[in-house]
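What follows is the structure in structure tokens.
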């Protein structure tokens, strides 16, 4: 399998993609959330929002966390509209979000042309408890389809996922577990192309390559583009070594 990693602004890159050139869109955009007030949401960095002061890691910030909810919906709608144009019939879009932005994310998905088809909970067992009430242990995956699902495929995926964020070898503040991403990329037909306009550390791409899909990613942060490139290249090399071993087979 192959990958292409674009370094730059997601909307600019998406506009350059040919019509009907990708088979699935799976992405984790900046949530522009993480605060009780407008100033909390728009005036703090991603690290200030999502990393506690006593955190053991010191991971790099990422851009794009300074929009209020109205501008976030407009911006995300534009992105998902371009992704819709670049997607084939029956393509599935999956967009990560949190409880604050889940309603506006479903708005953006539908305004872009996708048929909203559900919201998938991602439950994180290792999340922090909250004194006096329920802990916030879930994020969500809003998903939709271009046209209708391809009912000729023998594919059945879970309606929820349980996995903690990576702890060992973690390289991104909001890094998603590869074991979940490997399930999600299966909405793309084998040999097809998965698009992630917010590649981050490259987990979607790593999952796509491991599952026999091609990958197109976009990343604005030069730091995280370097991280993603290294992970994608390593995955390609591991896959090639594994295929060589399988092809060689036992010596007779």
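In this note's numbering, the protein residues as written are 782 to 1033. Glycine included, every Cβ here is placed at the ideal spot set by N, Cα and C.
Whose CA, out of 876, 847 and 892, lies closest to the CA of residue 855? Among 876, 847 and 892, the Cα nearest to that of residue 855 is on 892.
Residue 1000 classed as buried or exposed, judged by whether at least 16 other C-beta atoms fall within 10 angstroms: Per the 10 Å Cβ criterion, buried.
Beta strand (DSSP E) segments (min. 3 residues) lying fully within the stretch 871-898: Taking 3 residues as the shortest admissible run, the stretch 871-898 contains no complete beta strand (DSSP E) segment at all.
Can you list, in chain order, the residues of its chain with a C-beta nearer than 6 Å to that of residue 881? Leave out the 5 residues immediately preceding and following it. Closer than 6 Å at the Cβ level, and outside the excluded window around residue 881, lie 814.
Figure out for me which residue from 1022, 963, 811 and 919 has the closest Cα to the Cα of residue 900. Out of 1022, 963, 811 and 919, the CA that lies nearest to the CA of residue 900 is found in 919.
From residue 1011 to residue 990, what does the alpha carbon distance come to, in whole angstroms? If I take the Cα positions, the gap works out to 13 Å.
Member of 784, 857 and 973 whose CA lies at the smallest distance from the CA of residue 887: When only C-alpha atoms are compared, the closest one is 857.
I'd like the span of the alpha helix (DSSP H) that includes residue 867, first residue to last. That run of the alpha helix (DSSP H) goes 850-867.
If residue 974 and residue 997 are in contact, beta carbons under 8 Å, what's the gap, nearest whole angstrom? Contact flag correct, Cβ pair sits at about 6 Å.
Who are the near neighbours of residue 850 in its chain, counting only those whose CB is closer than 6 Å to its CB and skipping five residues on each side? Cβ within range, chain order: 885.
Buried versus exposed call for residue 907 [16 or more other C-beta atoms within 10 Å across all chains shown]: When all chains shown are included, residue 907 counts as exposed.
Span separating the alpha-carbon of residue 963 from that of residue 812: About 22 Å.
Which listed residue (1014, 994, 979 and 1007) has its alpha carbon closest to that of residue 793: For residue 793, the nearest C-alpha among the options comes from 979.
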